[in-house]
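In this note's numbering, the protein residues as written are 124 to 423. Quick notes on the structure that follows.
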Ligand code: CP
Ligand code: NVA
C-alpha cells in the first residue's frame, strides 16, 4: 500500500514513471468502476476538476465530499473515516488544513491516501509543474528553476521534486518567509542544490523557469496585510523576468493575484505557461492515480 503525501514519497524512478504515465494518453482503465473519494476542506478549481476528470478517464467514479458531511475529527475520527471509505473507494484524496490529518489517515493503512494540498505540501501540483517543464524545456535540459515569494506548500513540493530530478533551484523570500532548516535538508537529501536568498534578482539570474505563488495561502487570511507589506519587493514583473535567461518561462500554480505576486503583463506574456500547467493537472492526476492503483494491485 502506497501513499502520496509529498513528492518524495516516490523514489526517483517512480517519479520518472509517474511522469511517463502522465504523458500517456491511452492508459488502461485501471480504476474500472471503482470509486475515488475526493475530500476538500478548502476551495478548489483546478484540483477538484482535474481529479474528477482523471478518475473518469481511468474508468472510475469520483465522489466529491464536503468536509461538513464527514466531520473529520468532530463527527468521527480521521482514522475511522478512512477505514469506512476503504470499503467503498480505491483511493482517498484530500485537501486539508493540517498535514498531520493526512498522515493519520495514511497511517491507518487501509487504502492509498493522496494529498490534494495541505499546509505543508502540494505534490499533485509539483507533478503537473514537472510535466510542464518537460514539455516546454525538457527536464534534462532545464537549468535553474527560480522561485520568488513565499516558501510555502507549492514551493516545498516543487523544490523537492526538482531536486529529485537533479534540477538546481533557487528561492527568494523576505526574511521570515523563506525555507526552514528542515526544508533545506529535505531538498538536499533529495539530491539537488538550492540557492537561498532574499534578493529576487539574484534568484532569477541564470534561471530558465521563474515560478511564483500567492503571498497569502488559504488558512493564512488574517496575515494578509502584514504579508502584503513583507512581499512588496517580490512581484514578478517584466524587469525581473529580464534578469532570467533568454527564453525563460513564467510559471504559477494559480489562482493568481495580478498586481501582487505577478504583474498582468508577465502572466499574459508569451513566456507564461500557467494555463498549460493548469491543464496538465488532469494529465498528471491520471498518471499518479494509474501508478497508485497499480501499486495496490501488485501488493494485494
Ligand atoms: N493550483 C491549485 O491547486 O488550484 P486550486 O486551488 O484551484 O485547486
Ligand atoms: N499556496 C496556495 C496554493 C493554492 C493552490 C495555498 O495554499 O492557498
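Ideal placement from N, C-alpha and C gives every residue a C-beta, glycine not left out.
- Runs of the beta strand (DSSP E) lying entirely within the region 292-379, each at least 3 residues long, are 292-295, 317-320, 330-335 and 372-375 in chain order.
- The alpha-carbon separation between residue 315 and residue 309 amounts to approximately 10 angstroms.
- The C-alpha of residue 237 is placed about 27 angstroms away from the C-alpha of residue 271.
- Sixteen is the threshold: when 16 or more other Cβ atoms of the shown chains lie within 10 Å of the Cβ of residue 384, as they do, the residue is buried.
- A straight line joining the alpha-carbon of residue 251 with that of residue 395 spans about 15 angstroms.
- Put simply, the backbone Cα of residue 190 is about 44 angstroms away from that of residue 366.
- Per DSSP, reduced to three states, the secondary structure at residue 271 is strand.
- The closest heavy atom of ligand 1 lies less than 7 angstroms from the beta carbon of residue 240.
- Distances from the CB of residue 287 to the heavy atoms of ligand 2 are all 7 angstroms or more.
- Secondary structure within the region 224-267: the beta strand (DSSP E) runs of 3 or more consecutive residues, fully enclosed, are 236-238 (chain order).
- In this structure, ligand 1 has a non-hydrogen atom nearer than 7 angstroms to the beta-carbon of residue 170.
- The DSSP-derived three-state label of residue 395 is strand.
- Across the structure, residue 227 and residue 416 are spaced so that their CA atoms are roughly 20 angstroms apart.
- The DSSP-derived three-state label of residue 199 is strand.
- In the DSSP assignment, residue 218 falls within the beta strand (DSSP E) that extends over 212-218.
- Counting along the chain, residue 188 sits inside the beta strand (DSSP E) bounded by residues 184-188.
- Inclusion of residue 205 and residue 215 in the CB contact set at 8 angstroms is warranted, their separation being smaller than that value.
- The beta carbon of residue 141 sits closer than 6 angstroms to those of 410, 411 and 414, all from its chain and outside the five residues before and after it, given in chain order.
- Cβ contact annotation for residue 249 (same chain, cutoff 7 angstroms, sequence separation greater than five): 130, 280, 281 and 284, in chain order.
- By the C-beta criterion, the region 317-327 is judged not to be in contact with the region 343-350, since fewer than 3 inter-stretch pairs fall below 8 angstroms.
- Annotated three-state conformation of residue 128 is coil, per DSSP.
- Three or more beta-carbon pairs separated by less than 8 angstroms link the region 386-395 to the region 356-376, which places the two stretches in contact.
- Annotation for residue 177: the continuous alpha helix (DSSP H) segment containing it runs 169-180.
- When only Cα atoms are considered, residue 327 and residue 362 end up about 11 angstroms apart.
- A distance below 7 angstroms between beta-carbons, with the five flanking residues on each side excluded, links residue 232 to the following residues of its chain, in chain order: 124.
- Spanning the alpha carbons of residue 185 and residue 159 requires a straight line of approximately 5 angstroms.
- DSSP places residue 158 inside the beta strand (DSSP E), whose first and last residues are 158-163.
- Around the beta-carbon of residue 355, fewer than 16 other beta-carbon atoms lie within 10 Å, marking it exposed.
- Annotation: the continuous alpha helix (DSSP H) that includes residue 136 extends over 135-146.
- The C-beta separation of residue 218 from residue 239 comes to about 4 angstroms, placing the pair in contact by the 8 angstroms criterion.
- By the Cβ criterion, the region 256-276 is in contact with the region 290-301, since at least three pairs of Cβ atoms, one from each stretch, lie closer than 8 angstroms.
- Taking the Cβ of residue 336 as the reference point, at least one heavy atom of ligand 2 falls within a distance shorter than 7 angstroms.
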